[in-house]
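Undergrad:
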Ligand SMILES: [Zn+2]
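Numbering (my numbering), first residue to last: 1 to 81.
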């Protein structure tokens with residue numbers, strides 16, 4: 001169960017994304033999104049390196065559609081605290 005602080009953060013992020021042009025899910029057109037943990041690390045391969053070389057992690061905030069599961073990834077630096 002989400003705490004009040006987490007719920008408020010989620011509301012701020014979704015409000016910010018809506019103000020930037022997010023209007024419903026691009027896949028199913030439903031509009032119920034949930035915001036995931038603040039920092040999820042994803043592997044971002046260096047394009048100039050050979051396959052199998054080490055990769056770096058990028059911090060992203062996942063926003064998932066509650067209907068179809070489509071997940072968008074946003075840079076934390078562009079979202080409200
Ligand atoms: Zn969807």
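Glycine included, each C-beta is placed from N, C-alpha and C at the ideal position.
No experiment lies behind these values; they were computed from the predicted model shown.
1) One question on the structure: do residue 41 and residue 79 come within less than 9 Å of each other, judged by their Cβ atoms?
2) Taking the continuous beta strand (DSSP E) assigned at residue 44, which residues delimit it?
3) Can you tell which of 57, 59, 27 has the C-alpha that lies nearest to the C-alpha of residue 67?
4) Is the beta carbon of residue 36 less than 9 Å from the beta carbon of residue 64?
5) Straight-line CA distance for residue 71 to residue 24?
TA: This is what the structure gives:
1) Cβ distance not < 9 Å, so residue 41 and residue 79 don't count as in contact.
2) Segment 40-44, the beta strand (DSSP E) holding residue 44.
3) For residue 67, the nearest C-alpha among the options comes from 27.
4) Yes; because the gap between Cβ atoms is below 9 Å, this pair is in contact.
5) Their Cα atoms are separated by approximately 12 Å.
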